[in-house]
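Student:
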Amino acid sequence: MPNQSEQLSPGTALITGADRGLGFGLTQELLNRGWTVIAGRNLDWHELKELAPKFPQTLHILDLDVTSQESADAAAQAATSLISHLDILICNAGINRSAHINSIREDQNYQDILDELNINAIGCLRVVKAFLPLMDQGNHKRLCFVSSEAGSVAASKRTGWFGYCMSKAGLNIAVKNLSNDLTPQGYEFRLYHPGWMRTYMRGTKNMAAELEPEEAANFALKHFLSPEHIPLVLRDFAGKDYPW
Ligand SMILES: NC(=O)c1ccc[n+]([C@@H]2O[C@H](COP(=O)([O-])OP(=O)(O)OC[C@H]3O[C@@H](n4cnc5c(N)ncnc54)[C@H](OP(=O)(O)O)[C@@H]3O)[C@@H](O)[C@H]2O)c1
Numbered sequence: 120m121p122n123q124s125e126q127l128s129p130g131t132a133l134i135t136g137a138d139r140g141l142g143f144g145l146t147q148e149l150l151n152r153g154w155t156v157i158a159g160r161n162l163d164w165h166e167l168k169e170l171a172p173k174f175p176q177t178l179h180i181l182d183l184d185v186t187s188q189e190s191a192d193a194a195a196q197a198a199t200s201l202i203s204h205l206d207i208l209i210c211n212a213g214i215n216r217s218a219h220i221n222s223i224r225e226d227q228n229y230q231d232i233l234d235e236l237n238i239n240a241i242g243c244l245r246v247v248k249a250f251l252p253l254m255d256q257g258n259h260k261r262l263c264f265v266s267s268e269a270g271s272v273a274a275s276k277r278t279g280w281f282g283y284c285m286s287k288a289g290l291n292i293a294v295k296n297l298s299n300d301l302t303p304q305g306y307e308f309r310l311y312h313p314g315w316m317r318t319y320m321r322g323t324k325n326m327a328a329e330l331e332p333e334e335a336a337n338f339a340l341k342h343f344l345s346p347e348h349i350p351l352v353l354r355d356f357a358g359k360d361y362p363w
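120 is the number of the first residue of the sequence shown in this note's numbering; add one for each residue after it.
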């Protein structure tokens, strides 16, 4: 477990895709540590609703579909009536529809590829765009992005997974450019590979994977909440940095 005294002091956080998997683990863990959490949900899963009565003052559930700027803007507008500022934003929402495609010789589903790009890469831009005014008022000004080793061009050994890999590589360059723009304005960035998790990316909970989402959330928060300045790298749960 990370030493919490070496972490950013509790404040306000936004998490996208907070209704299950890693996003739900991050939500639960931040609430337990005294943070106020704006939890963005897409579909209506039961976990968040069940958590709500435990944190009536500090958990705020808002509809946030990252494929829509209107949805992101509406969530940011609703958040303004709940909090005066946002300290960290965790862009976590993501899909993987291409993990079963391992060669260009197989049939490709280009709509799935477009959806992966739309949610995993462009979705983060929509959310940052919408919430930046609240972040500008924040104390920590920390933008965190859940990417994947699958987005590393230099480390890739895959022969397929086109949409997922392209979307995470796209996210990585987007984060690099955001950091070029916003670091001089006081922002700090985290770009992260959370490991192979027992989450729901393939529809049902993947019990073959290595990490429970709660465990993965603890590793992620160690990196997201560390107080030191870290130059932009793609770091994983074990502290390993991936090449771009
Ligand atoms: N699982 C792994 O092993 C692994 C490895 C590396 C990186 N990652 C990354 O980790 C992040 C979290 O994934 P997970 O493993 O926790 O998968 P998950 O259990 O499937 O959770 C994904 C979350 O993203 C949300 N989401 C999907 N489409 C959305 C949309 N249009 N708008 C808003 N939210 C949306 C989902 O909500 P709805 O179901 O309500 O749509 C869900 O809450 C993703 O970025 C993923 O790429 C996962």
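Think of the CB as a built atom: it goes at the ideal place given N, C-alpha and C, for glycine as much as any other residue. A quick note: this is a predicted structure, and the numbers were derived from the prediction, not measured.
Using a Cβ-Cβ cutoff of less than 7 Å, which residues in the same chain neighbour Glu-329 once the five nearest sequence positions on both sides are dropped?
Tutor: Mapped onto the sequence shown, residue 329 falls at position 210. Contacts found: Gly-314 and Trp-315.
Student: What residue does the alpha helix (DSSP H) around Arg-245 start on, and which one ends it?
Tutor: Counted from its first residue, the sequence shown places residue 245 at position 126. Here the alpha helix (DSSP H) through Arg-245 covers 242-255.
Student: Under the criterion of a Cβ to heavy atom distance below 6 Å, does Gly-153 qualify as lining ligand 1?
Tutor: Within the sequence shown, residue 153 is the residue found at index 34, counting from 1. No - ligand 1 has no heavy atom lying nearer than 6 Å to the Cβ of Gly-153.
Student: Measure the Cβ-Cβ separation of Ala-269 and Lys-287 and say whether it is below 7 Å.
Tutor: Translated into the one-based positions of the sequence shown, residue 269 becomes position 150. Translated into the one-based positions of the sequence shown, residue 287 becomes position 168. Yes, they are a contact pair.
Student: Compute the minimum distance between the beta carbon of Asn-211 and the heavy atoms of ligand 1, and state whether it is under 6 Å.
Tutor: Position 92 of the sequence shown holds residue 211. Correct: Asn-211 has its Cβ closer than 6 Å to ligand 1.
Student: Find out if the Cβ-Cβ distance for the pair Ala-249, Asp-192 is shorter than 7 Å.
Tutor: Looking up residue 249 in the sequence shown gives position 130. Looking up residue 192 in the sequence shown gives position 73. Yes, Cβ-Cβ distance for Ala-249 and Asp-192 is below 7 Å.
Student: Throw me the rounded Cβ distance for the Gly-140 and Thr-318 pair, which I believe falls under 8 Å.
Tutor: If you number the sequence shown from 1, residue 140 lands on position 21. If you number the sequence shown from 1, residue 318 lands on position 199. Rounded, the Cβ-Cβ distance is 3 Å, consistent with contact.
Student: Determine, using beta carbons only, whether Trp-100 and Ala-132 come nearer to each other than 7 Å.
Tutor: As displayed, the chain neither begins before 120 nor continues past 363, which places residue 100 out of reach and without an answer.
Student: Exposed or buried, what is Gly-144 when buried is set at 16 or more other beta-carbons lying within 10 Å of its beta-carbon?
Tutor: Within the sequence shown, the letter at position 25 stands for residue 144. Gly-144 is buried by the Cβ-count criterion.
Student: Is the region 218-228 in contact with the region 195-205, if contact means three or more CB pairs nearer than 8 Å?
Tutor: No, the region 218-228 is not in contact with the region 195-205.
Student: CA-CA distance, Gly-136 and Asn-151?
Tutor: Along the sequence shown, read from residue 1 onward, the residue named residue 136 stands at position 17. Along the sequence shown, read from residue 1 onward, the residue named residue 151 stands at position 32. Each residue's alpha carbon lies about 18 Å from the other.
Student: Would you check whether ligand 1 has a heavy atom nearer than 6 Å to the C-beta of Ser-345?
Tutor: Here residue 345 is taken as the residue at index 226 of the sequence shown, counted from 1. Because no heavy atom of ligand 1 lies under 6 Å away, the Cβ of Ser-345 does not count as near it: no.
Student: To which residues of the same chain is Pro-332 closer than 7 Å at the C-beta, ignoring the five residues directly before and after it?
Tutor: What you label residue 332 is simply residue 213 of the sequence shown in a count that begins at 1. Answer for Pro-332: Gly-140, Leu-141, Phe-143, Gly-144, Met-316, Arg-317 and Thr-318, listed in chain order.
Student: With respect to 6 Å, is the separation between the Cβ of Met-285 and the closest non-hydrogen atom of ligand 1 below this value?
Tutor: Taking the first residue of the sequence shown as position 1, residue 285 is located at position 166. No.
Student: Give the single residue among Gly-305, Gly-322 and Ser-217 whose Cα lies nearest to the Cα of Asp-206.
Tutor: As a first step, residue 206 is located in the sequence shown; it is residue number 87 there, counting from the start. With distances taken between Cα atoms, Asp-206 lies closest to Gly-305.
Student: When the distance is taken between beta carbons, is Ala-240 closer than 7 Å to Leu-290?
Tutor: Taking the first residue of the sequence shown as position 1, residue 290 is located at position 171. Taking the first residue of the sequence shown as position 1, residue 240 is located at position 121. Taking 7 Å as the Cβ cut-off, Leu-290 and Ala-240 qualify as a contacting pair.
Student: When every heavy atom of ligand 1 is checked, does at least one fall within less than 6 Å of the C-beta of Thr-131?
Tutor: In the sequence shown, residue 131 corresponds to position 12, counting from 1. Every heavy atom of ligand 1 is 6 Å or more from the Cβ of Thr-131, so no.
Student: Beta carbon of Val-185: closer than 6 Å to some heavy atom of ligand 1?
Tutor: Taking the sequence shown and counting its residues from 1, one reaches residue 185 at position 66. Within the cutoff, so yes.
Student: In terms of residues, what are the limits of the beta strand (DSSP E) holding Val-156?
Tutor: Taking the first residue of the sequence shown as position 1, residue 156 is located at position 37. Looking at the DSSP string, the run of the beta strand (DSSP E) that includes Val-156 is 155-160.
Student: Return the first residue and the last residue of the alpha helix (DSSP H) that Ala-132 is part of.
Tutor: Taking the sequence shown and counting its residues from 1, one reaches residue 132 at position 13. Segment 131-134 is the beta strand (DSSP E) holding Ala-132; no alpha helix (DSSP H) there.
Student: Check each candidate in Ser-345, Gly-159 and Leu-262 and name the one with the smallest Cα separation from Ala-194.
Tutor: Position 75 of the sequence shown, counting from 1, holds the residue named residue 194. Nearest of Ser-345, Gly-159 and Leu-262 to Ala-194, Cα basis: Gly-159.
Student: Going by DSSP, which residues form a beta bridge with Met-326?
Tutor: In the sequence shown, residue 326 corresponds to position 207, counting from 1. DSSP output for Met-326 lists no bridge partner at all.
Student: Given that a residue counts as buried once 16 or more other Cβ atoms are within 10 Å of its Cβ, and exposed if not, what is Ala-259?
Tutor: On the sequence shown, residue 259 is found 140 positions in, with the first residue counted as 1. The displayed chain sequence assigns His, not Ala, to residue 259. With 16 or more other Cβ atoms within 10 Å, it is buried.
Student: On the criterion of 16 or more Cβ atoms from any shown chain inside 10 Å, does Leu-149 qualify as buried, or is it exposed?
Tutor: For the purposes of this step, residue 149 is taken as residue 30 along the sequence shown, with counting starting at 1. Buried is the call here.
Student: With distance defined between alpha-carbon atoms, name the residue in Asp-360, Phe-281 and Pro-303 nearest to Arg-216.
Tutor: Position 97 of the sequence shown, counted from the first residue, corresponds to residue 216. Closest by alpha carbon: Phe-281.
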